[in-house]
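*Asks:* FYI, numbering that gives the first Met the number 0 numbers position 189 of the sequence shown as 188, with every residue one higher than the one before it.
Heads up, the beta-carbon is just placed ideally off N, CA and C, and yes, glycines get one too.
On a predicted model such as this, the values are computed, not experimentally measured, just so you know.
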Amino acid sequence: MTTPQPSNDALPTPRGRPLQPFDVMDACHQQIVTALHQMVHLLDHLEQHGVDGQAQETARNIFSFFMGTAREHHLDEERHIFPTMINSGDAQLMELTLRLQQDHGWIEEDWLELAPQFESIAAGYHWFNLEHLRLAVPVFQALYQDHIALEESMIYPQAKARIAEWDLHGMGREMAQRRKRRGLNPDQADRAAA
0 MTTPQPSNDA LPTPRGRPLQ PFDVMDACHQ QIVTALHQMV HLLDHLEQHG VDGQAQETAR
60 NIFSFFMGTA REHHLDEERH IFPTMINSGD AQLMELTLRL QQDHGWIEED WLELAPQFES
120 IAAGYHWFNL EHLRLAVPVF QALYQDHIAL EESMIYPQAK ARIAEWDLHG MGREMAQRRK
180 RRGLNPDQAD RAAA
């Protein structure tokens with residue numbers, strides 16, 4: 000039972016083409032989906048084996064991922080994608096983007112409720128409520144999956160069409176610099192800035 004480490008390697012790029020900001024965004028979505036599935040597997044593992052080394056490692060990876068990479072991803076969207084959609088003049092895009100911004104708040108609220116329990120498991124403690132996690136994790140999972148589906152089906156395609164090439168370079172540079180400052184994926188961040 001392994002959980003994805005914060006990385007942008009999940010999405011291959013065509014040979015010779017530098018990693019683009021939307022490659023990073025798409026790869027993060029894949030990592031989020033994987034981490035959500037790992038949450039469910041962790042709950043099954045806890046039920047059968049309790050808090051052992053494997054559970055601790057998985058919980059630590061989940062905790063780190065949602066405290067770091069997932070939050071950075073939302074910040075990327077809030078800074079670089081959502082403003083273009085809100086300023087598009089398209090009523091549907093504006094409405095959907097406002098919904099996605101609201102989702103970010105709900106996702107954060109849900110995570111703040113779950114985080115202490117994953118942190119407890121990661122530390123080897125039994126300060127968690129498996130019954131509560133069995134109820135809360137599917138809600139968190141469904142919210143995130145619906146959110147990603149909307150972004151990938153409507154917002155990202157529109158953003159790709161509307162964000163100018165020079166804005167993409169600035170977006171990639173800002174994303175890379177911020178990740179370097181926070182110690183997240185510096186090698187991949189450099190490729191995104193290219």
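Going by DSSP in three states, Asp145 sits in which element: helix, strand or coil?
*Replies:* Three-state result, Asp145: helix.
*Asks:* Is it true that the CB of Leu35 sits closer than 7 Å to the CB of Leu132?
*Replies:* Going by C-beta atoms, Leu132 is not nearer than 7 Å to Leu35.
*Asks:* When the distance is taken between beta carbons, is Gln157 closer than 7 Å to Leu92?
*Replies:* In this structure, Gln157 lies closer than 7 Å to Leu92 by Cβ.
*Asks:* Restricting to runs no shorter than 4 residues, where is the alpha helix (DSSP H) found entirely within the region 19 to 58?
*Replies:* DSSP runs (the alpha helix (DSSP H)) wholly in the region 19 to 58: 20 to 48.
*Asks:* Out of curiosity, what's the CA-to-CA distance linking Ile61 and Asp89?
*Replies:* Roughly 37 Å separates the two Cα atoms.
*Asks:* Would you kindly check if the distance between the Cβ of His72 and the Cβ of Cys27 is under 7 Å?
*Replies:* Yes.
*Asks:* I need the boundaries of the alpha helix (DSSP H) containing Met195, first residue and last residue.
*Replies:* Any property of residue 195 remains undetermined from this structure, which presents the chain solely from 0 to 193.
*Asks:* Contact defined as beta carbons within less than 8 Å: I believe Ala121 pairs with Arg181. What is the distance between those atoms, to the nearest angstrom?
*Replies:* With 8 Å as the limit, Ala121 and Arg181 do not qualify as a contact, their Cβ atoms being about 20 Å apart.
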